[in-house]
Each structure stands twice: as structure tokens, then as C-alpha cells.
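For reference, the structure is listed below as C-alpha cells.
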Amino acid sequence: MSAELRSLHVLPNETPVCSLDCKTAFETLTEKERLYAHHLSKASYDGSLAVFLQVSPEAAGLFVVFHRLFATESVESLKKKALGNGWTEEEFAAFLVYVAGFYNNSGNYKGFGDSKIVPGVSTEKITSLVTASDAVSKYPELLSTYHAIEQLICSLQQRELQLGFCQSGITTYHCESVTKEDAQFIDRFCKEHNIETWNTRLFKDTEKRNGKTVFRIVNASSITEGWREEEFEEAIVVVERGDYSPLMARAAESLRKAKDFAANDNQVQMLDKYVNHFTTGDLNDHKDGSRFWIKDQNPAVESYIGFIENYRDPAGTRSEFEGFVAAVNKETSKKFKVLVDRAEELLERMPWGKAYEKDRFLKPDFTALDVISFAGSGIPAGINIPNYDEIRQNEGFKNVSLSNVISATPKQKMNFLDERDEDLMFKYHKDSFEVQVGLHELLGHGSGKLFQRNADGTFNFDQDTTNILDGGKITTWYEQGETWGSKFGALSGPYEECRAEAVGYVLCCDEDILKIFGYEGELGQTVKYVNWLSEIRAGLMALEFYNADLQKWGQAHCYARYVLTQVCLEAGQEFVTIEEVTGEDGKPDLKFKLDQNKIDSVGKPAVREFLKKLQHYKTTGDAAGGTALFEGYGKVTEKELVWRNICITRRKPRRLFVQANTRLNGEKNAELVTYPETFEGIIASFVERYDSAAIDDLELCWKEQKKWWPTAFGKH
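This is the structure we're talking about:
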């Protein structure tokens with residue numbers, strides 16, 4: 001692999017670190033609320049150790065090594081040993097940014113982009129440092145753990161470059177012998193048995209039983225007993241419990257402690273259901289907990305926890321563990337309350353008509369939050385949850401905008417823009433992003449109906465409803481056991497993000513909506529322009545995350561934004577222009593321009609028409625039609641590959657976050673511990689977040705699951 005391609009997988013030493021500042025928000029909480037936040041945070045972080053088991057065969061083992069290394073010895077001491085073993089200052093800095101990036105992404109694959117992260121220093125030098133560390137004498141098994149994953153750290157074999165089915169990528173949602181066809185076979189089994197796989201993984205025994213392949217659907221739970229099996233077609237399918245068992249036990253115990261500081265009975269019942277879910281693995285308990293959660297309106301401390309987003313499962317049906325805890329930002333939340341109050345009226349502006357909209361808009365709680373703790377592979381700017389179709393469609397949901405995430409923006413040069421646009425982006429990016437997030441979450445993810453056949457054979461829609469694309473009859477819908485995720489599979493993530501982004505594009509053009517956020521007149525037009533400029537340019541920049549060798553998109557949001565950029569380019573009339581030019585440094589560059597005067601006349605109609613098509617295929621469950629539409633715009637031709645190379649050459653490193661920790665100070669007080677905006681600060685925050693027993697539990701889980709990836713641990 002060339003040095004240029006390898007650099008794609010190395011985090012630069014100049015990667016910016018931003019603090020997720022929540023000090024003021026935490027100080028506004030009462031003692032009881034702080035204790036509630038503390039125990040929820042601990043549940044989130046302990047449970048999120050499961051992500052390291054979900055992402056790659058080596059990630060959990062690497063976490064164990066890093067924690068014991070930095071918990072035993074200071075960064076200064078390790079640096080002295082490294083320099084004494086022939087390291088350069090730059091190499092040690094590269095090692096620190098790798099560890100910090102590994103922690104931030106919950107593993108050695110990017111949470112945003114899904115490509116592998118490798119250190120900018122050789123395996124041999126890392127081995128020399130680990131071997132010389134004081135941790136070796138303190139933890140006798142440390143070297144055996146390290147040697148098991150040693151050759152996987154820097155390896156960039158073709159299959160290891162990105163997440164995906166094990167024939168072409170890396171995943172630990174399935175064992176290495178599970179193929180795409182196997183996953184589709186199990187999807188049929190699950191549909192027939194009304195099983196949803198959010199909190200499961202899929203393994204396949206190495207040996208057949210009575211000539212039949214044995215598949216294991218393993219639920220995350222603290223208890224390990226209780227399983228069932230049956231023959232299905234030409235295989236045996238076992239459904240069992242106990243995945244991540246000790247980690248789920250830790251999460252459940254912290255949730256039990258949080259109950260003592262709950263603000264109301266609704267929160268107590270919510271936590272009881274979550275505890276049951278993490279104990280037994282029963283998804284219905286998590287759904288019921290989510291039902292209590294959406295009823296808990298305007299809490300001082302907001303949180304959600306569980307196996308939530310399915311972006312990184314190549315089959316698109318299994319989800320990553322995630323948990324967050326946050327305090328309400330009251331001033332920004334006032335704007336969102338107005339947006340919610342007007343939502344039913346604003347939904348009438350959607351390009352699909354009343355028949356394609358939910359029978360009744362279920363007004364959600366929509367708040368701006370300052371994150372206290374966010375555990376998972378990445379921190380979004382906004383969230384619309386829960387993701388269960390039947391709850392979102394019929395009972396409600398919540399929207400949150402994460403204010404301190406939006407405001408944590410490093411000062412970096414913005415590629416491909418002229419000086420005026422760059423100045424506008426720096427000045428108004430936060431304002432425009434707040435508008436986009438609000439519209440994306442509430443009126444994007446919160447809109448649209450799914451046409452379904454009910455259990456009794458009736459339908460939840462009038463069968464005389466007109467097809468909004470061709471004027472004919474509706475001929476497709478969701479049958480019993482089918483969900484949005486199961487029908488559209490891995491495409492469901494980028495497709496839905498694209499739909500929500502498009503809603504933001506279209507509605508931010510309306511002056512009365514901009515006024516809700518406090519932007520009127522010329523200022524409002526500028527914020528609208530910066531939003532379109534930022535979003536369409538992001539679609540160009542997304543090419544960095546396209547795998548040209550496999551002709552495959554990785555990160556869902558990147559794929560979504562690229563598709564919308566193509567829609568805007570197709571609109572023509574020089575609304576969006578991307579020119580190949582020579583930069584001031586003499587190297588190939590791009591010049592990106594958006595004609596502000598054509599947003600309403602060219603851009604909005606094009607995106608609006610595309611949005612109508614997206615909604616039709618989603619509403620009617622027409623996966624074939626939706627896939628053809630989306631993948632058609634998602635194609636990357638030779639022209640875009642040239643743009644991709646320029647984007648890669650001129651890319652800027654993504655920010656890393658350093659988060660605070662909470663800790664008990666006596667039995668009746670929880671306090672906030674903050675860290676500097678440095679790689680060392682990120683490392684210290686993770687080391688102090690987990691005690692030795694938690695690391696022992698993670699290592700136990702990792703050792704138990706190694707058997708499912710024999711090639712990964714034996715091939716090197």
C-alpha cells in the first residue's frame with residue numbers, strides 16, 4: 001500500500017481536540033439531579049464497552065492493553081521510555097493521537113467513515129514500549145493479550161480497510177464465516193418468527209450438526225441461561241442469551257442505583273424496564289422503557305441508553321450500544337418548543353400530501369441539551385429516537401439537539417471556498433447548523449407514514465390512496481414482521497438521513513421558520529445560504545469516505561450528503577459549480593460555488609421533487625424502487641474520483657472530543673472532573689472512567705468471543 005493511501009488511515013498529529021463543555025450545565029443541577037446524572041453516566045460508559053466487542057476482533061483486546069498501560073504509568077514516563085528506545089518526538093505524538101482517536105471512536109475503525117485507524121508509528125516500536133512498561137509486571141497476562149492483537153494494529157490488508165461483511169470487510173456483529181447470504185437467511189427466519197435483532201449478534205458454528213449448519217442469534221444480556229432452537233429450512237437456528245454478560249450486568253446495576261435519584265415515577269418505571277432489558281435481553285422491555293421515556297417531558301436530566309443505531313451493521317439490522325446523559329439548555333430549547341407547537345402546520349408543506357403523513361402528529365419533547373456524557377463511537381449534533389417503527393409511528397418520539405457539540409468547532413481553513421464564503425461559514429455555521437439540526441430531527445425523522453397491513457388483514461391506509469409519483473394505485477406496503485430496517489437493509493441508514501437532510505434544505509428556505517430561530521431579513525437569508533453552502537459542500541467532502549476499490553460507501557451521513565449534492569448538481573443552471581483548478585501551492589484543487597440567488601428558484605424545487613420520491617418509496621415499502629433511485633444518485637464516476645483524490649489530499653482532520661467525568665464525593669454529592677483539550681486529556685479521561693474490574697470484565701468477554709474469528713488471530 002502506498003504511503004498516500006496509508007495516510008488515509010492515520011490520524012494526523014495536528015488533529016484538533018475540543019472540550020465538550022458542560023460545566024455550567026452541570027452546576028445548574030440539584031444534588032439529586034447530579035447523582036442521577038452520575039449513575040446514568042456510569043451505566044452508559046460501562047455498557048458502551050460492548051462497542052469495542054462489536055467493531056473488530058482486536059478492538060477490545062487493544063482497549064485492555066491501553067487502559068492497563070496508561071493506568072499503570074504516566075504519559076511522561078512512557079514518553080521517556082519511548083525516546084530511549086529510538087522513537088522520535090513525532091512518533092510518540094502520533095502514538096498519543098492514535099490512542100486518543102481509538103478511544104473517541106470506540107475502537108480502531110472510524111465512527112464517522114467506518115475505515116480503519118492505524119498509528120503513525122511502527123508495530124515494532126509499539127511492541128518495544130509495551131514490553132518496557134511497568135504494566136507488564138503488574139499484569140502478568142498483558143503481553144499475551146497484546147501479542148494476540150499485535151500484528152492487527154498496523155495491518156492494512158484489503159479486507160481490513162473498512163467495516164463490512166467479512167468477505168470484503170471487518171465486522172464483529174457476525175462471526176467471520178457468516179456471509180451476506182447467511183445474514184439474509186437469518187433475516188427470513190426472524191421475519192417469520194417476529195424477532196427483531198437490534199441487540200443481537202449472529203454466529204455460525206464451525207461444524208455442522210446432523211449435516212445441518214448451526215446459526216446462533218445471541219442476545220445481549222447479563223443472564224446466560226435460557227435458549228431455544230429449531231430447524232428452519234436446511235439449518236438449525238439457536239436463539240440464546242448472554243452476549244456481553246458482565247458489561248450488561250454493570251449497566252443494569254448503575255441503572256438500579258439511578259432509580260434512587262429519579263425525579264418521578266415515570267423515570268423509575270423507565271429504569272426498571274431498562275434493567276430488565278439488560279438483564280434478560282428481552283427487546284420488549286427496552287421498547288416499554290422507551291415508551292416511559294417519551295412520556296417523561298422536559299426532564300432536567302435527559303438520557304437514553306441501549307442498542308440504538310444500526311449504521312455499522314453491514315446487514316443494517318443490528319445496533320451499536322449507545323448511552324448519553326445531558327442537561328437542558330433552556331434558552332435554545334425555547335426555540336424548539338415553538339417549532340414543535342407549529343409542527344402540524346409545517347408538515348403540510350411537505351411535498352407528499354396528507355395521505356402519506358401520520359394520521360396524528362404526536363408532539364414530541366424537543367430540547368437543546370448540553371451533553372454531560374456521551375458513550376458510543378461518535379457524538380452526533382442531534383438525535384431523533386426511539387428508532388422502533390411502531391413507537392415512532394403510533395406513540396411518539398423525542399428530538400434532542402446537542403448544543404455543546406454544535407458549538408465545539410475548531411478554527412480550521414475550509415477547503416474549496418473563496419474568502420467571502422469561508423468568512424460566512426466561520427461566522428454563521430453554528431447558527432445554520434442549529435436550524436438544520438432542528439428541522440432534520442423534528443420534521444425530517446419525525447415525518448412520514450409507513451403503509452402497513454395489520455395483523456387482522458386490514459390496512460392502516462386507504463387503499464384508494466393515489467400514488468404520488470405516477471397517479472396510479474398503491475401496490476406495495478409493509479407486511480407483518482417487516483420493518484423499515486428489514487426491508488431496506490443497509491441502505492436504510494443513509495436513505496433516512498438523506499430524507500431528513502432534504503427536509504432541512506427545503507424548510508430552511510421559509511422566512512417564518514427562520515424567524516422561529518431568531519433570524520429575519522438579511523440575516524435570515526445569510527443563515528439560509530450558509531446552510532445550503534455547508535450541506536452541499538459536505539456532500540463533496542464526503543467523497544473522502546467512499547471506498548474506490550470496493551466501489552462502496554461507508555458512513556451513512558456521508559452517503560446521504562453526497563446524494564443530495566448530486567441532486568443539486570443535476571438541477572443545472574449553474575446553481576452549484578465545482579471546478580478543478582490549480583491551488584496556490586501548485587497542486588490540484590477544487591473551487592466550489594453556490595449561487596445564492598438560485599436557492600429558491602433552482603435548488604429548492606429540485607430537492608423538493610427528490611424528497612417526494614424518497615418519501616414515496618419509504619412509505620410504500622418499495623425497497624427496489626427506493627434502492628434504484630438512491631444508488632443512481634450515489635454513483636461515483638471518473639470525474640468524482642478525481643474530486644475524491646483532491647478531497648483526500650487536502651482533507652482536514654476531524655475533531656476529537658474530550659469529555660468530563662462525574663465522580664462521587666461522599667454518598668450525597670457528585671462532582672464534575674474536567675480535562676485539558678489535549679490527547680493526554682482524552683487518555684486520562686478514559687483511564688479514570690473505568691476501574692480495573694471493568695477492564696477484567698471486558699477482557700473476559702473478548703477472550704470468549706475470539707473463537708469466532710480464528711483467521712483474524714491466526715493468519716498473522
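So for the sequence shown, my numbering puts the first residue at 1; every next one is plus one.
Backbone N, C-alpha and C fix where the C-beta goes; we use that ideal spot for every residue, glycine too.
Quiz item: Cα-Cα, which of Asp-431, Glu-544, Pro-16, Lys-116 is closest to Gly-164?
Solution: As a first step, residue 164 must be located in the sequence shown, where it is residue number 164. Nearest of Asp-431, Glu-544, Pro-16, Lys-116 to Gly-164, Cα basis: Lys-116.
Self-check item: Every unbroken alpha helix (DSSP H) within the segment 569-638, with a cutoff of 4 residues, ordered by chain
Solution: List check, alpha helix (DSSP H) in window: 604-619, 623-633.
Quiz item: What's the C-alpha gap between His-716 and Gly-378?
Solution: As a working note, residue 716 is residue 716 in the sequence shown. As a working note, residue 378 is residue 378 in the sequence shown. Confidence is the limiting factor: at His-716 the pLDDT is only 42, short of 50, which leaves the residue's position unreliable and the question unanswerable from this model.
Quiz item: For the putative contact between Leu-442 and Asn-399, defined by C-beta atoms under 8 Å, what is the C-beta separation to the nearest angstrom?
Solution: Against the sequence shown, residue 442 aligns to sequence position 442. Against the sequence shown, residue 399 aligns to sequence position 399. Sure, about 5 Å apart at Cβ, within 8 Å.
Quiz prompt | Option in Asp-549, Gln-269, Gly-493 with minimal Cα separation from Lys-287 | solution = Position 287 of the sequence shown, counting from 1, holds the residue named residue 287. Residue Gln-269 is the option with its Cα nearest to Lys-287.
Self-check item: Nearest-angstrom Cβ-Cβ length linking Arg-188 and Phe-203, presumed shorter than 8 Å
Solution: For the purposes of this step, residue 188 is identified with residue 188 of the sequence shown, where counting begins at 1. For the purposes of this step, residue 203 is identified with residue 203 of the sequence shown, where counting begins at 1. 18 Å between Cβ atoms; not a contact.
Exercise. Grab me the residues of Lys-604's own chain with a C-beta within less than 8 Å of its C-beta, minus the 5 sequence neighbours each way, in chain order.
Key: For the purposes of this step, residue 604 is taken as residue 604 along the sequence shown, with counting starting at 1. Annotation for Lys-604: Tyr-505, Val-506, Cys-509 place their beta carbon closer than 8 Å to its own, counting only its chain and skipping 5 residues before and after.
Quiz item: According to DSSP, is Glu-240 helix, strand or coil?
Solution: Looking up residue 240 in the sequence shown gives position 240. Per DSSP, reduced to three states, the secondary structure at Glu-240 is strand.
Exercise. Go ahead and label Val-777 buried or exposed: buried means 16 or more other beta carbons lie within 10 angstroms of its beta carbon, across all protein chains shown.
Key: The structure shown does not extend to residue 777, since the chain is modelled only from 1 to 716, so the question has no answer here.
Practice problem: Give the secondary structure of Arg-291 by DSSP, where H, G and I count as helix, E and B as strand, and everything else as coil. | Solution: For the purposes of this step, residue 291 is taken as the residue at position 291 of the sequence shown. In this structure, Arg-291 counts as helix in the three-state DSSP scheme.
Quiz item: Which of helix, strand or coil does DSSP assign to Trp-553?
Solution: For this step, residue 553 is matched to residue 553 along the sequence shown. Here Trp-553 sits in strand by DSSP.
Exercise. Check the DSSP bridge columns for Lys-116 and list the partner residues they point to.
Key: By one-based count along the sequence shown, residue 116 stands at place 116. Beta-bridge analysis with DSSP links Lys-116 to Tyr-109.
Quiz item: So which of Leu-40, Thr-367, Glu-302 has the shortest CA-CA distance to Asp-260?
Solution: Your numbering for residue 260 matches position 260 in the sequence shown. Out of Leu-40, Thr-367, Glu-302, Leu-40 has the C-alpha closest to the C-alpha of Asp-260.
Self-check item: Residues bridged to Ala-326 (per DSSP)
Solution: For this step, residue 326 is matched to residue 326 along the sequence shown. Per the DSSP secondary-structure output, Ala-326 pairs in a beta bridge with Glu-302, Val-371.
Exercise. Go ahead and label Glu-233 buried or exposed: buried means 16 or more other beta carbons lie within 10 angstroms of its beta carbon, across all protein chains shown.
Key: For the purposes of this step, residue 233 is taken as the residue at position 233 of the sequence shown. Burial check for Glu-233: the Cβ neighbour count within 10 Å stays below 16, so the residue is exposed.
Practice problem: Locate the beta strand (DSSP E) running through Lys-42, then write down its first and last residues. | Solution: Along the sequence shown, read from residue 1 onward, the residue named residue 42 stands at position 42. Counting along the chain, Lys-42 sits inside no beta strand (DSSP E); it lies in the alpha helix (DSSP H) bounded by residues 31-47.
Exercise. Check whether the segment 315-334 touches the segment 14-34, taking contact to mean three or more Cβ pairs, one atom from each stretch, closer than 8 Å.
Key: Judged by Cβ distances under 8 Å, the segment 315-334 makes contact with the segment 14-34, as three or more pairs qualify.
Quiz item: Using the rule of at least 16 other Cβ atoms within 10 Å of the residue's Cβ for burial, across every protein chain shown, is Phe-753 buried or exposed?
Solution: Given that the chain is displayed from residue 1 to residue 716, the structure contains no residue 753 and the question cannot be resolved.
Quiz item: CA-CA distance, Cys-18 and Lys-411?
Solution: For the purposes of this step, residue 18 is taken as residue 18 along the sequence shown, with counting starting at 1. For the purposes of this step, residue 411 is taken as residue 411 along the sequence shown, with counting starting at 1. C-alpha of Cys-18 to C-alpha of Lys-411: approximately 11 Å in a straight line.
Self-check item: Option in Trp-709, Tyr-109, Asn-645, Glu-677 with minimal Cα separation from Gly-376
Solution: Position 376 of the sequence shown, counted from the start, is the residue given in the question as residue 376. Closest by alpha carbon: Tyr-109.
Quiz item: Considering only the beta carbon of each residue, do Gly-61 and Trp-702 sit closer than 8 Å?
Solution: Residue numbering aside, residue 61 sits at position 61 when the sequence shown is read from its first letter. Residue numbering aside, residue 702 sits at position 702 when the sequence shown is read from its first letter. Going by C-beta atoms, Gly-61 is nearer than 8 Å to Trp-702.
Quiz item: What is the rounded straight-line gap between the Cα of Thr-466 and the Cα of Ile-474?
Solution: Here residue 466 corresponds to residue number 466 of the sequence shown, with the count starting at 1. Here residue 474 corresponds to residue number 474 of the sequence shown, with the count starting at 1. Rounded to whole angstroms, the separation of the alpha carbons of Ile-474 and Thr-466 is 7 Å.
Quiz prompt | Proximity of Val-607 and Cys-568 at Cβ, strictly below 8 Å | solution = For the purposes of this step, residue 607 is identified with residue 607 of the sequence shown, where counting begins at 1. For the purposes of this step, residue 568 is identified with residue 568 of the sequence shown, where counting begins at 1. Yes.
Quiz item: The alpha helix (DSSP H) with Asn-264 in it runs from where to where?
Solution: What you label residue 264 is simply residue 264 of the sequence shown in a count that begins at 1. Counting along the chain, Asn-264 falls outside any alpha helix (DSSP H), and DSSP gives it neither H nor E.
Practice problem: Can you tell me which of Cys-22, Arg-201, Tyr-356, Arg-453 puts its alpha carbon nearest to the alpha carbon of Leu-614? | Solution: Within the sequence shown, the letter at position 614 stands for residue 614. Nearest neighbour of Leu-614 by Cα position, chosen from Cys-22, Arg-201, Tyr-356, Arg-453, turns out to be Tyr-356.
Exercise. Label Ser-221 either buried or exposed according to how many other C-beta atoms from any shown protein chain fall within 10 Å of its C-beta, with 16 as the threshold for buried.
Key: Position 221 of the sequence shown, counted from the first residue, corresponds to residue 221. In the assembly as shown, Ser-221 is a buried residue. Its beta-carbon has 16 or more other beta-carbons within 10 Å.
Self-check item: 4-residue-minimum alpha helix (DSSP H) runs that sit fully inside the segment 382-467, ordered along the chain
Solution: List check, alpha helix (DSSP H) in window: 389-394, 403-406, 419-439.
Exercise. Select from Arg-650, Ala-258, Gly-681 the residue whose C-alpha is nearest the C-alpha of Asn-661.
Key: Counted from its first residue, the sequence shown places residue 661 at position 661. When each option's Cα is compared against that of Asn-661, the closest is Gly-681.
Practice problem: Give every residue of the same chain whose Cβ lies closer than 7 Å to the Cβ of Thr-224, excluding the five residues on either side of it in the sequence, and list them in chain order. | Solution: Walking along the sequence shown from the start, residue 224 turns up at place 224. Correct list, in chain order: Arg-241, Gly-242, Ser-245.
Exercise. Note down the Cα distance separating Glu-704 from His-147, rounded to an integer number of angstroms.
Key: Here residue 704 is taken as the residue at index 704 of the sequence shown, counted from 1. Here residue 147 is taken as the residue at index 147 of the sequence shown, counted from 1. Going by C-alpha positions, Glu-704 is about 17 Å away from His-147.
Quiz item: Near Asp-600, what residues of its chain come up, given a Cβ to Cβ distance below 8 Å and the 5 sequence neighbours on each side ignored?
Solution: As a working mapping, residue 600 is identified with position 600 in the sequence shown. For Asp-600, where only same-chain residues beyond five positions count, the Cβ hits under 8 Å are Cys-509.
Quiz item: Where does Lys-358 sit, in a helix, a strand or coil, going by DSSP?
Solution: Position 358 of the sequence shown holds residue 358. Under the three-state reduction of DSSP output, Lys-358 falls in the coil class, being neither helix nor strand.
Exercise. Pull up the distance between the alpha-carbon of Thr-317 and that of Glu-150, whole angstroms please.
Key: Within the sequence shown, residue 317 is the residue found at index 317, counting from 1. Within the sequence shown, residue 150 is the residue found at index 150, counting from 1. Roughly 31 Å between the two C-alpha positions.
Quiz item: Which residues does DSSP pair with His-174 in a beta bridge?
Solution: In the sequence shown, counting from the first residue as 1, residue 174 sits at position 174. Beta-bridge annotation (DSSP): His-174 is paired with Leu-202.
Practice problem: Classify Thr-131 as helix, strand or coil using the three-state DSSP reduction. | Solution: Locating residue 131 in the sequence shown gives position 131, counting from the first residue. If DSSP states are grouped into helix, strand and coil, Thr-131 belongs with the helices.
Quiz item: If you count every other CB in all the chains shown that lies within 10 Å of the CB of Gln-436, and 16 or more means buried, which is it?
Solution: Along the sequence shown, one-based indexing puts residue 436 at 436. Counting the other CB atoms within 10 Å of its CB gives Gln-436 a total of 16 or more, which places it among the buried residues.
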